[in-house]
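Participant:
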Amino acid sequence: MKYYNAHTHIFTAQYVPNNVVGLPIMKFLAEYPVSQSIGKFAKLFLSGAVNKKYERVAKFAEIGLGKSQEVIFNQLRDYYKGWGDVRFVILPMDMEQMGAGKPLSNYNTQLDEIIRLRAKDNFANILLPFLFVDPRRREFQNGNDILNWVKPYFERSGFVGLKMYPALGYYPFDERLDELYLWASDHNVPVTYHCIDGVIHYRGKLNGFPPPRFPNEFHNLKETDPAKYQWNFTEPFNYKKVLELFPNLKINLAHYGGEDKIVPRARWYTTVREMVAGNNNVYTDVSFSLNDTRIFKTIHDDINDANNKLLGDKILFGTDFFVVEKNKDEAFLRDELKQALMNMDATNNISVSSFDRIASTNPSKFLASDFYAG
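All letters in the sequence shown, in the order written, are residues 273 to 646 by this note's numbering.
#1: Quick one: grab the DSSP three-state call for Asn524.
#2: Skipping 5 residues on each side, what residues in its chain have a beta carbon closer than 6 Å to that of Asp592?
#3: Is Arg428 buried or exposed, if buried means 16 or more other CB atoms sit within 10 Å of its CB?
#4: My assumption, with CB atoms under 8 Å, is that Val405 sits in contact with Tyr276. Please give the rounded CB distance.
#5: Near Leu403, what residues of its chain come up, given a Cβ to Cβ distance below 8 Å and the 5 sequence neighbours on each side ignored?
#6: Among all the DSSP beta bridges, which residues are the ones paired with Gly433?
#7: What is the DSSP secondary structure of Asn492, counted as helix, strand or coil?
#8: Using DSSP with H/G/I as helix, E/B as strand and the rest coil, what is Ala278?
#9: Express the C-alpha separation of Glu451 and Gly530 in angstroms, rounding to a whole number.
#10: Would you mind reading off the limits of the beta strand (DSSP E) that contains Lys359?
#11: Suppose the cutoff is 8 Å on Cβ atoms and the five residues either side in sequence are ignored; what does the same chain contact list for Ala538 look like?
#12: List the whole-angstrom C-beta distance separating Leu449 from Gly470, where the pair is believed to meet the contact cut-off of C-beta under 8 Å.
#13: I think Ser626 touches Ile575, with their Cβ atoms under 8 Å apart; what is that distance to the nearest whole Å?
#14: Assuming Cys467 contacts Val544 (C-beta within less than 8 Å), just tell me the rounded distance between them.
#15: Should Ala396 go down as buried or exposed, given a rule of 16 or more other Cβ atoms within 10 Å for buried?
#16: Do you know whose CA, among Asn488, Leu515, Glu516, lies nearest Trp503's CA?
#17: What is the rounded straight-line gap between the Cα of Ala640 and the Cα of Asn580?
#18: Quick one: is the Cβ of Tyr453 within less than 7 Å of any heavy atom of the ligand MN?
#19: Measuring only the C-alpha atoms, how far is Ile587 from Val288?
#20: Nearest to Leu399 by alpha carbon, out of Asn634, Tyr541, Phe490, Ile282?
#21: Check the C-beta distance from Tyr474 over to Met370 and give it rounded, since I have them as a contact under 8 Å.
#22: For Phe317, name the three-state secondary structure that DSSP assigns.
#23: Taking all protein chains shown into account, do 16 or more other C-beta atoms lie within 10 angstroms of the C-beta of Trp540, making it buried, or fewer, making it exposed?
#24: Can you give me the C-alpha to C-alpha distance between Phe412 and Ile418, rounded to a whole angstrom?
#25: Select from Ile344, Asn510, Ser340, Phe481 the residue whose C-alpha is nearest the C-alpha of Thr496.
#26: Based on the DSSP secondary-structure assignment, which residues constitute the bridge partners of Phe593?
#27: Can you have a look at Ala439 and say buried or exposed, based on whether 16 or more other CB atoms are within 10 angstroms of its CB?
#28: Return the residue from the list Ile386, Pro296, Gly354, Leu517 that minimises the CA-CA distance to Ser340.
#29: I need the straight-line Cα distance from Met547 to Lys512, nearest angstrom please.
#30: Enumerate in chain order the residues of its own chain whose CB-to-CB distance from Leu478 is below 8 Å, with the five nearest sequence positions on each side excluded.
#31: Name, in chain order, the residues that DSSP records as bridge partners for Asp393.
#32: Whose C-alpha, out of Thr619, Ala618, Phe589, is nearest the C-alpha of Leu605?
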């Protein structure tokens, strides 16, 4: 059986802007990676003494300092030794337009490094890269420019999906993405969207944005706090508009609304759940949210919802390696969920493994396209 982790990262500190979380520290950490001990110290200091929102930069420090993407990818693979055929969706990040400064190395360098890595050993079979697309890059004058830039990565370099992070400062229904969405629809190419609020968001000036293409009651365009303004870009309603324009587009609304929304069944979770349950082309993954064990029962109930079997067919396993916010080892995070689902399967006399569904059956369907057969 093939297993998939549908949401992972291997980018290093070289590709992260200095002020990515509002703290001018990434340049120092990236330029002076004396040893991994610096990262461990940063993890301890930042998570305890400064503010919990900086735990994420501490995680970058602990794993991403002084390493290549190859080293991080091999560390990820090591966590899954003994599992047999495990494949990893790798999601790069382009943070050059988020108003937090320029990284030491640019996005194209990050992509080139991934392409070289896939050429090693048997990595082409297990490293499944998505292409991060930000329509605001200077080289993109229009949607046709975006499409012409994207296509070679799929046709020649083995990329299998698209990744977008609207919280960095754009709407998922940006007109410049129309040609790309039409192409993705025609070729069944999957698109994964970041769909929660968090510490990584647009940090530039807020008074220069054009009005959204489809404004709605959930948009607050007068908001002056960048942490809250990101909700305008990430709001789940936005994806309903994307699907109205491109009903055949296959999308993953990552993180299932977030663990803080799943447990109380808040609107972002219920909206994402409704979209997954009601559309053949909408998926969600549980990455990042797995830090909170309280969500496990809800996830299990949704996988096995007898009233809507479509819902359980579109939930994906993912861990958000290596940028999970809380301090849980990848192997512990993975096994904790798997064991919990197995126990609940046994208690409820469920014969088809819930974990196998979200880690094998569902992702193989989500990833299948004209460029990837599984």
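We put the CB at the ideal spot given by N, CA and C, even for glycine.
Facilitator: Inspection of the coordinates gives the following:
#1: strand
#2: His279, Ser559, Phe560
#3: exposed
#4: Going by Cβ atoms, the distance from Val405 to Tyr276 rounds to 22 Å, so no, they are not a contact pair.
#5: Pro364, Leu383, Val422, Tyr425, Phe426, Phe431, Gly433, Leu434, Lys435
#6: Phe402
#7: coil
#8: strand
#9: 30 Å
#10: The displayed chain sequence assigns Arg, not Lys, to residue 359. Start and end: 358-362.
#11: Gly529, Asp532
#12: About 22 Å; that fails the 8 Å criterion.
#13: 5 Å
#14: 7 Å
#15: exposed
#16: Asn488
#17: 23 Å
#18: Only the bare structure without any ligand can be found here, which leaves the ligand MN out of the picture.
#19: 29 Å
#20: Ile282
#21: 5 Å
#22: Unreliable positioning characterises Phe317 in this predicted model, as indicated by a pLDDT of 49, which lies under 50. A coordinate reading is not provided.
#23: buried
#24: 6 Å
#25: Phe481
#26: Thr280
#27: buried
#28: Ile386
#29: 8 Å
#30: Glu495, Thr496, Pro498, Tyr501
#31: Answer is none; Asp393 lacks a bridge partner.
#32: Phe589
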